[in-house]
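Before any comments, here is the structure.
Numbering (my numbering), first residue to last: 2 to 164.
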């Protein structure tokens, strides 16, 4: 396969049938990808210009499969979640710039998930939970009134119906 270059002659992309490697103009590695039969397959790594890891994920025949992690330029984990054949599964967590948990999603199936969010002080401010396969309970903290605003709902098999 053909390599590509920046106007200044620096390598932009090096390719083979099973690998692609991209570079910043200064020669620092930007992206490393592996392929199988023309599809992303295996671990993909993305880097910030300073060389810190930006993202690490795994693909199987072009679909995300496994843990997907994203990092700040300072190396702090910002986002982490699991995938199976392109679909989000299990827990996905988001963190702020200092690594403090701000959101957690638990995927229950393709249509339903539990959600919790925390404010900058670490206090729970949103909670949306399926208590069983059909019953939904949501509560949001109103910081001005200092009360929880609550909603309840039932899954009718296709959509959530609020009570």
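We put the beta carbon where it would ideally sit given N, CA and C, even for glycine.
On a predicted model such as this, the values are computed, not experimentally measured, just so you know.
query = Would the beta-carbon of residue 59 fall within 8 Å of that of residue 76?
reply = Position 58 of the chain shown, counting from 1, holds the residue named residue 59. Position 75 of the chain shown, counting from 1, holds the residue named residue 76. With contacts defined as CB atoms closer than 8 Å, residue 59 and residue 76 fail to qualify as a contacting pair.
key: Residue environment, residue 136, which counts as buried when at least 16 other CB atoms sit within 10 Å   = On the chain shown, position 135 is the one that residue 136 refers to. Exposed is the call here.
inquiry  = Tell me the residue span of the beta strand (DSSP E) that contains residue 30.
reply    = Position 29 of the chain shown, counted from the first residue, corresponds to residue 30. From DSSP, the beta strand (DSSP E) with residue 30 extends over 30 to 37.
key: Reduced DSSP category for residue 25 - H, G, I as helix; E, B as strand; rest coil   = Counting from one through the chain shown, the residue named residue 25 turns up at place 24. Residue state, collapsed to three classes: coil.
task = Identify every residue that forms a DSSP beta bridge with residue 80.
result = Taking the chain shown and counting its residues from 1, one reaches residue 80 at position 79. For residue 80, which the question treats as bridged, DSSP gives the partners 71, 95.
request  = Using three-state DSSP, classify residue 42 as helix, strand or coil.
outcome  = Within the chain shown, the letter at position 41 stands for residue 42. DSSP, read as helix, strand or coil, puts residue 42 in coil.
key: DSSP three-state assignment for residue 121, whether helix, strand or coil   = One-based indexing of the chain shown puts residue 121 at position 120. Collapsing the DSSP output to three states places residue 121 in coil.
request  = Just confirm the distance between the C-beta atoms of residue 25 and residue 54, as a whole number of angstroms; I'd bet it's less than 8 Å.
outcome  = Reading the chain shown from its first residue, position 24 is the one you call residue 25. Reading the chain shown from its first residue, position 53 is the one you call residue 54. Their Cβ separation, rounded to whole angstroms, is 14 Å, which puts residue 25 and residue 54 out of contact at 8 Å.
request  = Return the chain-ordered ranges of every beta strand (DSSP E) run that is complete within the stretch 133 to 164 and spans a minimum of 3 residues.
outcome  = DSSP runs (the beta strand (DSSP E)) wholly in the stretch 133 to 164: 136 to 143, 148 to 156, 161 to 163.
ask   = Among 64, 41, 163, 10, which has the Cα closest to the Cα of residue 151?
value = Indexing the chain shown from 1 puts residue 151 at position 150. Ranking the options by Cα distance to residue 151, first place goes to 163.
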